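Here the structure is laid out as structure tokens; the discussion comes afterwards.
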Amino acid sequence: MVLTCVGAGLAVVHVLAPDLRIDGVTVMLLVVAVVPWLGELFRSIEVPGIGRIEFRDIERRIEAVQRTANAALVGDGPEGGAVDDTAAWDTVRDLAAEYVNVRLRQRSGPARNHRMDQIFTRMVRATQRVREFDAGELLGSEDAGLRLAAYARLYAMPEPERLDALVDAATGEPLPFSQYWALQAVGRCVDDMAAEQVPLSVVRRLEEYRSGLFRANDRKEIVDRVLAGFGRR
144 MVLTCVGAGL AVVHVLAPDL RIDGVTVMLL VVAVVPWLGE LFRSIEVPGI GRIEFRDIER
204 RIEAVQRTAN AALVGDGPEG GAVDDTAAWD TVRDLAAEYV NVRLRQRSGP ARNHRMDQIF
264 TRMVRATQRV REFDAGELLG SEDAGLRLAA YARLYAMPEP ERLDALVDAA TGEPLPFSQY
324 WALQAVGRCV DDMAAEQVPL SVVRRLEEYR SGLFRANDRK EIVDRVLAGF GRR
């Protein structure tokens, strides 16, 4: 067990500082495969020259990368397999209803989040197949599933002209899962714009939202990344 823990620790160090010379790093990397529970044993380790490594923070960051990568891999715009709007809308509404149902009926936890991520990924594809998609209207919907559909559409196909309304919806979104993807959509819209095109009011609203977060989480990291593009840290 000691060997396993040391090996896993060295593996993390090797990833974060590949130039650091550590004997046996290659061998120790093999040990990582059998210690998915490392984070359960240690909250963090202190590495000379690097600082404190928080295992939970690493785990959260990897999870966020996986979620966004999964959604990004399903790009399928209207030009690729478009269907009539009625059928496309039916699919979007079905997914919106499925999201609401899963959220209400399934206990909160990793399994539910995974299921909702799958629904969102399907939404990313489905919303792109609706030719006349009014994201602006759905951003103000009282239906959580339809709001998520708007976030999915704007995540897949950013509309800079919707940024102001999207930021309002994202910062006021009451559901953490939906807010995560709303903020991701904000990031995608901002990435499509030059910094000087983003209204100062948008930047200030994001700063105000961030100041209200009392602990680090995936949503705060998204906002930090967006604001860093404006030199706001």
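In terms of the working numbering, the sequence shown is residues 144 to 376. For glycine and all other residues, C-beta sits at the position ideal for the given N, C-alpha and C. Model, not experiment: these values are computed from the prediction.
- Here Met259 is not near Leu238, since their CB atoms are 8 Å or more apart.
- Using a 10 angstroms sphere on the CB of Ser251, the tally of other CB atoms stays under 16, which defines it as exposed.
- For the pair of segments examined, the stretch 281-293 was found to touch the stretch 316-325: the number of CB pairs separated by less than 8 Å reaches three.
- In summary, Pro253 is exposed, with fewer than 16 beta-carbon neighbours lying within 10 Å of its beta-carbon over all protein chains present.
- Counted as a single uninterrupted DSSP element, the stretch harbouring Ser251 is not any alpha helix (DSSP H), since DSSP gives it neither H nor E.
- Around the beta carbon of Pro301, 16 or more other beta carbons lie within 10 angstroms, which makes this residue buried.
- When the beta-carbon positions are compared, Ala308 and Gly279 come within less than 8 Å of each other.
- Within the stretch 312-364, complete alpha helix (DSSP H) segments of at least 4 residues are found at 319-334, 343-354, given in chain order.
- Judged by DSSP in its simplified three-state form, Arg274 adopts coil rather than helix or strand.
- With respect to the C-alpha of Gln271, the residue from Glu304, Leu343, Leu306, Ala299 having the closest C-alpha is Ala299.
- Taken through DSSP and simplified to helix, strand or coil, Met300 comes out as coil.
- Just so you know, the alpha carbons of Arg362 and Cys332 end up roughly 16 Å apart.
- Residue nearest to Glu339 within the set Thr314, Ala287, Pro303 is Pro303 (criterion: CA-CA distance).
- Annotated three-state conformation of Asp307 is helix, per DSSP.
- It is roughly 14 Å from the alpha-carbon of Gln249 to the alpha-carbon of Ala240.
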